[in-house]
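Undergrad: Sequence lines, in order, name chains A and B. In terms of the working numbering, the first sequence opens at residue 22 and continues consecutively. In terms of the working numbering, the second sequence opens at residue 1033 and continues consecutively. Quick reminder that beta carbons are idealized off the backbone N, C-alpha and C, glycines included. Since this is a predicted model, take the numbers as computed values, not measurements. Here's a structure for you.
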Amino acid sequence: MHERTDSTSQKPQCFQEIILRLQNYWAEKGCAILQPYDMEVGAGTFHPATTLRALGTKAWAAAYVQPSRRPTDGRYGENPNRLQHYYQYQVIIKPSPPDLQELYLGSLRAIGIDDTLHDIRFVEDDWESPTLGAWGLGWEVWCDGMEVSQFTYFQQVGGHDCRPVSGELTYGLERLAMYVLGVDHVMNMPFNAPDARIPLSYGEVFRQTEQEYSRHNFDGADTEKLFQHFKDAEAECQRLLSFDATDPKFGGRANIMAHPAYDQCIKASHLFNLLDARGVISVTERQAYIGRVRALAKLCADAFVQTEAGGATT
Amino acid sequence: MADLLIELFSEEIPARMQAGACDALKRMMTDGLVEAGLTYAEAQAFATPRRLALAVQGLTEHSPTLREERRGPKVGAPEKAIEGFLRSTGLSMADLEIRDDKKGQVYIATVVTEGRAAPAIVSEVLEKTIRNFPWPKSMRWGDGGLRWVRPLHAILCILSTEAGAEIVPLSVDGITAGDTTRGHRFMAPGAFAVSGFEDYAAKLKRAYVILDPLERAEHIWNEASHMAFAQGLELVEDKGLLTEVAGLVEWPVVLMGRIGEEFLGLPPEVLQTSMREHQKFFSARDPKSGQIVGFMTVANRETADHGATILAGNQKVLAARLSDARFFWENDLRVVKSVGLEGMGAGLENVTFHNKLGSQADRVERIAALAREIAPLVGAKPDLAAEAARVAKADLRSEMVGEFPELQGLMGSYYAREAGLPEEVARACVEHYQPLGPSDSVPSSPVSVAVALADKIDTLTGFWAIDEKPTGSKDPYALRRAALGVIRLVLGNGVRVSLLTLMQRPFLRCVITFLRSKQAEKQRLLSEAFIEHESKDEIVKQLASLEGFLSGTEDEILSRFEDNETPKLVVFFHDRLKVHLRDQGIRHDVIDACLAMPGNDDLTLLVKRAEALSDFLKTDNGGNLLQGFKRANNILTQAEAKDGVEYSFGPDPKLAETPEETALFAALDHAEATIAPAMAKEDFAQAMAAMAALRAPIDAFFEAVQINTDNQIVRRNRLNLLHRIRETCLQVAELTRVEG
């Protein structure tokens, strides 16, 4: 136990150590450590472990890394801190515990941010996701003037009031790690330990993919197909939710396909982001597309609260 | 007497809400206490990021016992009435008193409301305040139902007297009031008890919390000024930022840094905006060069390394932000140098201004046409005004304005100079947005005035054309502000123009844009396969009618266009003008009297008349002349109504019977000889001075002469004389509208 405290009070050496320390910290605090969702999403919030589990009355606590894609942020790996693919660390606890701020500050200490030397601040920043029909109040957390996390108390998701309220923490991992490790360009950040047998930098892992995907996002992606896929995902989501709740192969019990339908909603959202990056969506159309994704999210939320995990009593 | 101390301790309250929350806490608590029968001497509210506090001094310890007599039914009234009376007073028959009344004997009840002790009242009022607090945005947390701005953790509520402090019993959604609080989140997180306000404020300070936001702001300002001064720099004043920063810290520690050399070439406004918006830094200026060379950040704690780590971190974030800004600036300059400022704005055709009013490019074209038309009225060269209008919005496509929308216009003027455009054009880029509010200055350079007027008139006629007028408190497109802008531009520069005539053409252009968008929409509908045949016929018909209207040149369309809206827009201007003039001390009835005169859409003329009339009415002669005029007018109006004729036949001086009557004839001749040419010159002051000379003769006339004499010829002549008075006076303003 003593040894452990010593090691965590030291500065981490590399990107993955920061992730591992967060995993350990939140595991110790009782969160289920989940794995990333296996679909392309724009942010950790899209993981059903957050979006759907924030709904309904059941208690929940989970933490996970989520690879996130922002096609418009592609910079061919050249910008010091902008990436079209990056990692978020996401924590969600329902109901939000009264000491959530303290727990959060503890996580910063765990990754080597000494709050006796740094200036940590909670600055108003309300969160809203028009595509998810979700909003909450909270802050962006500043460390010496740098935004290191987003801290939100969910009020609504998919148009439903959150009762109880979930507390959500999102860490932008690359940015946070660059700060903790004192690195100026993301590609120069050590990914594994610098003294490992094969030391790898973030650039060695991701520079080429950033280049390839930047070209894909801005020039390569076939917009006609993307439009078609968007329509398909939208239709499929609606179709899956139009099934009768009772499932004959499941003993005639209720079996609503809320998660499979939500997968299609996530897909539609990512396709919209790609189309946006390709610059083929005009300002007026933009609102209409966001509205269409929101309508799907709302349908999925409506369905999820009818399920057992959504707190429905049957 | 007791002193009350309340503290509501929560997670971080947004800085912008703290001042309003202080006011609300003080108002709701003191109103509630007073309503419940307590009185107090003084109350003061405070906020920090984590607490709202209220100190009330000299609070009475009890509310008074109230006795109220209520008159009931008559003795012998139906049982039901008496029962009802007993129920409403909560008394029994034995408690009632019988008294003699004019109508007989009645029951009288004496209802006694016992006074209550302060703790019970405070508890009740505070709970109500917490539950109904008017946060601009509030939230729930955990599994509770209470709403607060962020999770509420603790309530401190004590009443202290000479005998000591007492906790007010209160529990709101599981939060029980106590007498403890906590210090600074990081520097003194432990809990401690307090016994009263002075103890509270002193212990907080020892626990690294300055309670009073003004004290924090003052501390920040003084520290920052001294540090700047010590380096030979001066702090750039920013009151809004100071208030905000004071709301972000409990224990302000100012740290100063220098901006990297590589960023000093950026425009000072860019440096300042980037630092303020992104990082809430103050700027420090080199007084010799005027350049922004330093920054001040305000930390929320002291550290063992005296802020070195914090400053280094902030410096690094700043460098990243300013690299972005420099990247935008250099890209923008490259664009401007290769394709010019108008070229930079080429993409405006893809930016929708409003879906019924076309793109920003459509709008720029309308503004350019209008600026050209306005130019001669304000002394600007038409070509230059049109050129300025064409580039004034180009910076909306710049990367810098994309990042900092508040720099619109200003960036345009930098880029216009870089592109080698004339100085008037560069100024118009920034000045055409002015005046931005009632306190903003009005541009005076002719090209700027032309484009500023064109910009605002296009906005107004546009939203009038698509029927998006302001209603009640709703004015989403800030049309009232635009109208006030036009008024101030016109008055400030003495522009002489008939607004009605000026606005007809821009209004039509907006209608044309609107109808073209409708036309495109219908054509799109028509091209879609699934519409039904009947509606298809209907659409074809509508398209044909649109086609008919839109055919030909602008002049041709204008000649067959029936415009009912522009006159209504003039009325909207008049309403705004009334508000504007009232603020300058001109009465609404004086404005009405001038509005009733012809040429009222020439605002400069209108205001000149109103100012002269307002001044005139303030003089002795003016006030009395008004009385004389009204008397003449009343007698005349009554006689005309009674006789069913209009006495507009010229009076004959030969029929004058008294010297006063003769003198009035002479005075009228004299006054009219001055008024007519003065009015022709629009010299209202002179015309009114001449009118004032009528006061004495009119007063003397009424004194000496009876209008309604038996001699009908003399009576008629006198009424015709009154008519002459009326006609003479009404040349100047519609005096019947003036009150008093």
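Residue 1301/B: which of 1439/B, 1666/B, 1230/B sits nearest, CA to CA?
TA: Within the second sequence, numbered from 1, the residue matching residue 1301/B stands at position 269. Checking every option, the nearest Cα to that of residue 1301/B belongs to 1439/B.
Undergrad: At 9 Å on the CB atoms, spell out the chain A contacts of residue 1050/B, in chain order.
TA: The count along the second sequence starts at 1 and reaches residue 1050/B at position 18. Result: empty, since nearest Cβ-Cβ is about 11 Å, beyond 9 Å.
Undergrad: Do residue 46/A and residue 87/A come within 8 Å of each other at the CB atom, strictly closer than that value?
TA: Counting from 1 along the first sequence, the entry for residue 87/A is found at position 66. Counting from 1 along the first sequence, the entry for residue 46/A is found at position 25. Their beta carbons are not under 8 Å apart, which means residue 87/A does not touch residue 46/A by this criterion.
Undergrad: Quick one: what's got a C-beta closer than 8 Å to residue 1168/B's C-beta in the same chain, skipping five residues either side?
TA: By one-based count along the second sequence, residue 1168/B stands at place 136. Closer than 8 Å at Cβ, skipping near neighbours: 1049, 1052.
Undergrad: Run through DSSP, which three-state label would residue 269/A get?
TA: Sequence index remark: in the first sequence, residue 269/A carries index 248 (1-based). In this structure, residue 269/A counts as helix in the three-state DSSP scheme.
Undergrad: If residue 1398/B sits next to residue 1490/B, beta carbons under 8 Å apart, how far is it from one beta carbon to the other, in whole angstroms?
TA: In the second sequence, the residue the question calls residue 1398/B occupies position 366. In the second sequence, the residue the question calls residue 1490/B occupies position 458. About 5 Å; that satisfies the 8 Å criterion.
Undergrad: For residue 308/A and residue 318/A, what's the separation of their Cα atoms in angstroms?
TA: Within the first sequence, residue 308/A is the residue found at index 287, counting from 1. Within the first sequence, residue 318/A is the residue found at index 297, counting from 1. C-alpha separation (whole angstroms): 15 Å.
Undergrad: Tell me whether the beta-carbon of residue 1703/B lies closer than 8 Å to the beta-carbon of residue 1723/B.
TA: Within the second sequence, numbered from 1, the residue matching residue 1703/B stands at position 671. Within the second sequence, numbered from 1, the residue matching residue 1723/B stands at position 691. Against a cut-off of 8 Å, the Cβ pair of residue 1723/B and residue 1703/B comes out as a contact.
Undergrad: Between residue 26/A and the rest of its own chain, which residues show a CB-CB distance below 8 Å, the 5 nearest in sequence each way excluded?
TA: Residue mapping note: residue 26/A aligns to position 5 of the first sequence, counting from 1. Unreliable positioning characterises residue 26/A in this predicted model, as indicated by a pLDDT of 44, which lies under 50. A coordinate reading is not provided.
Undergrad: Report the neighbours of residue 1349/B on chain A: residues whose CB is nearer than 8 Å to its CB, in chain order.
TA: Taking the second sequence and counting its residues from 1, the one referred to as residue 1349/B is at position 317. Here the neighbours are 165, 166, 167.
Undergrad: With a threshold of 8 Å between beta carbons, is residue 1169/B in contact with chain A?
TA: As a working mapping, residue 1169/B is identified with position 137 in the second sequence. Yes - at least one Cβ of chain A is within 8 Å of the one on residue 1169/B.
Undergrad: With C-beta atoms as the reference, is residue 1311/B less than 8 Å away from residue 95/A?
TA: As a working mapping, residue 1311/B is identified with position 279 in the second sequence. As a working mapping, residue 95/A is identified with position 74 in the first sequence. Going by C-beta atoms, residue 1311/B is not nearer than 8 Å to residue 95/A.
Undergrad: Could you check whether the Cβ of residue 1218/B sits closer than 8 Å to any Cβ belonging to chain A?
TA: If you number the second sequence from 1, residue 1218/B lands on position 186. Judged by the 8 Å Cβ criterion, residue 1218/B is in contact with chain A.
Undergrad: Establish whether the CB of residue 312/A and some CB of chain B are separated by less than 8 Å.
TA: Here the question's residue 312/A lines up with position 291 in the first sequence. For residue 312/A, the answer is no, since every Cβ of chain B falls outside 8 Å of its Cβ.
Undergrad: Counting only Cβ pairs nearer than 8 Å, list the residues of chain A close to residue 1338/B.
TA: As a first step, residue 1338/B must be located in the second sequence, where it is residue number 306. Within 8 Å Cβ-Cβ: nothing; residue 1338/B doesn't reach chain A, min ~11 Å.
Undergrad: Does any residue of chain A bring its CB to less than 8 Å from the CB of residue 1665/B?
TA: As a working note, residue 1665/B is residue 633 in the second sequence. Answer no: the Cβ-Cβ gap between residue 1665/B and chain A never drops below 8 Å.
Undergrad: Please go through the same chain and pick out, in chain order, the residues whose beta-carbon is closer than 8 Å to the beta-carbon of residue 1198/B, but skip the five residues on each side of it.
TA: For the purposes of this step, residue 1198/B is taken as the residue at position 166 of the second sequence. Within the same chain, residue 1198/B has close Cβ partners 1151, 1190, 1191, 1192.
Undergrad: To the nearest angstrom, how far is it from the Cα of residue 145/A to the Cα of residue 1434/B?
TA: By one-based count along the first sequence, residue 145/A stands at place 124. By one-based count along the second sequence, residue 1434/B stands at place 402. Roughly 23 Å separates the two Cα atoms.
Undergrad: Residues of chain B with CB closer than 8 Å to the CB of residue 283/A, please, in chain order.
TA: As a first step, residue 283/A is located in the first sequence; it is residue number 262 there, counting from the start. Simply none; closest approach about 25 Å.
Undergrad: Within the same chain, show all residues whose beta-carbon is closer than 7 Å to that of residue 181/A, passing over the 5 residues directly before and after it, in chain order.
TA: Residue mapping note: residue 181/A aligns to position 160 of the first sequence, counting from 1. For residue 181/A, where only same-chain residues beyond five positions count, the Cβ hits under 7 Å are 76, 322, 326.
Undergrad: If you measure beta-carbon to beta-carbon, which residues of the segment 27 to 61 of chain A are closer than 7 Å to chain B?
TA: Per Cβ criterion, the list is empty.
Undergrad: Counting only Cβ pairs nearer than 7 Å, list the residues of chain A close to residue 1044/B.
TA: The residue given as residue 1044/B occupies position 12 in the second sequence. Neighbours of residue 1044/B on chain A, chain order: 143, 160.
Undergrad: Helix, strand or coil, according to DSSP, for residue 1359/B in the structure here?
TA: Numbered from its first residue, the second sequence carries residue 1359/B at position 327. Residue state, collapsed to three classes: helix.
Undergrad: Closer than 7 Å between beta carbons: that is the criterion. Which residues of the segment 1145 to 1176 of chain B meet it against chain A?
TA: Answer set for the segment 1145 to 1176 of chain B: 1169, 1171, 1172, 1173, 1174, 1175.
Undergrad: Look up residue 1185/B in the DSSP assignment and say whether it is helix, strand or coil.
TA: As a position in the second sequence, residue 1185/B is number 153, starting the count at 1. Residue 1185/B falls in the strand class under three-state DSSP.
Undergrad: Bridge partners for residue 1144/B per DSSP, in chain order?
TA: Counted from its first residue, the second sequence places residue 1144/B at position 112. DSSP lists 1099/B as partners of residue 1144/B.
Undergrad: Should residue 1097/B go down as buried or exposed, given a rule of 16 or more other Cβ atoms within 10 Å for buried?
TA: As a first step, residue 1097/B must be located in the second sequence, where it is residue number 65. It is exposed - the Cβ of residue 1097/B has fewer than 16 other Cβ atoms within 10 Å.
Undergrad: Quick one: is residue 122/A near chain B, going by C-beta distance under 8 Å?
TA: As a working note, residue 122/A is residue 101 in the first sequence. Cβ-Cβ to chain B under 8 Å: yes for residue 122/A.
Undergrad: Is it buried or exposed for residue 1328/B, if we count other Cβ within 10 angstroms and need 16 for buried?
TA: The residue you call residue 1328/B lines up with position 296 of the second sequence. By the 10 Å Cβ count, residue 1328/B comes out buried.
Undergrad: Find the residues of chain B that neighbour residue 176/A, judging by a C-beta separation of less than 8 Å, and give them in chain order.
TA: In the first sequence, counting from the first residue as 1, residue 176/A sits at position 155. Under the 8 Å cutoff, chain B gives 1171, 1172.
Undergrad: Please state the DSSP three-state secondary structure of residue 1480/B.
TA: Numbered from 1 along the second sequence, position 448 holds the residue referred to as residue 1480/B. DSSP places residue 1480/B in helix when its eight states are reduced to three.
Undergrad: Measuring only the C-alpha atoms, how far is residue 84/A from residue 44/A?
TA: Here residue 84/A refers to the residue found at position 63 when the first sequence is read from its first residue. Here residue 44/A refers to the residue found at position 23 when the first sequence is read from its first residue. Their Cα atoms are separated by approximately 7 Å.
Undergrad: Quick check: the segment 1365 to 1380 of chain B against the segment 222 to 230 of chain A, are at least 3 beta-carbon pairs closer than 8 Å?
TA: Segments in contact, no.
Undergrad: Of all Cβ atoms in chain B, is any one closer than 8 Å to the Cβ of residue 280/A?
TA: Position 259 of the first sequence, counted from the start, is the residue given in the question as residue 280/A. No, its Cβ sits nowhere closer than 8 Å to a Cβ of chain B.
Undergrad: Using three-state DSSP, classify residue 190/A as helix, strand or coil.
TA: Here residue 190/A is taken as the residue at index 169 of the first sequence, counted from 1. Residue 190/A falls in the strand class under three-state DSSP.
Undergrad: Taking 8 Å as the limit between beta carbons, can you name the residues of its chain near residue 1760/B, skipping five residues before and five after?
TA: Along the second sequence, one-based indexing puts residue 1760/B at 728. Here the set comprises 1700, 1703, 1704, 1707, 1723, 1726.
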